[in-house]
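Heads up: the structure comes next, in structure tokens.
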């Protein structure tokens, strides 16, 4: 975005960075200029998630804290850069702009949904104590060991005794 420099007659480009809720990959997207195809893919994903969330544009504007006219413009694909408003709408709809612009595959979306479901179940089951966490780890490792017995070629699981986090 161009800004007027104090004491100068011209404009100069001054890149800005924003951080959105532990999403450090958004940091420098403010300066990113997606291609038309990338914008179309992002708009398709935003529209899909808006419909899935059953939000009107005015409701989305309120949630994202973006002016309704800007929300309309963004959802129509009328933007050139990944501005703060675009990122706020992405965040409100739970869309990763890089993945959406690249056109992530359906399997990635299904895996993300499955992981979110698993994480929600774990959060409900955990009593938020270290002992409770250890118990859940033991149960999950026991399930993993059962799966290993069924599929001996699985090699990406850690030893359940070590307690080493998975990478």
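In my numbering, the protein residues as written are 742 to 908.
Even glycine gets a Cβ: it sits at the ideal position worked out from N, Cα and C.
Following the DSSP letters along the chain, one finds residue 887 inside the alpha helix (DSSP H) bounded by residues 871 to 891. In terms of CA proximity to residue 794, 831 leads the group 859, 842, 881, 831.
Under a 10 Å Cβ-count criterion, residue 815 is classified as buried, with 16 or more other Cβ atoms of the shown protein chains found around its own Cβ. Scanning the segment 768 to 816 from its first residue to its last, no whole beta strand (DSSP E) run of 3-plus residues comes out. Residue 832: member of the alpha helix (DSSP H) spanning 825 to 834, first to last residue. Taking 9 Å as the cut-off, the Cβ atoms of residue 838 and residue 796 do not count as close. About 6 Å separates the beta carbons of residue 829 and residue 806, which is inside the 8 Å limit, making them a contact pair. By the Cβ-count criterion, residue 870 is exposed, with fewer than 16 other Cβ atoms from all chains shown falling within 10 Å of its own Cβ. Put simply, the backbone Cα of residue 803 is about 43 Å away from that of residue 882. For residue 839, the three-state secondary structure derived from DSSP is helix.
Note on geometry: alpha-carbon atoms of residue 773 and residue 820 lie some 11 Å from one another.
Per DSSP, reduced to three states, the secondary structure at residue 856 is helical. In the structure shown, the three-state DSSP call for residue 821 is coil.
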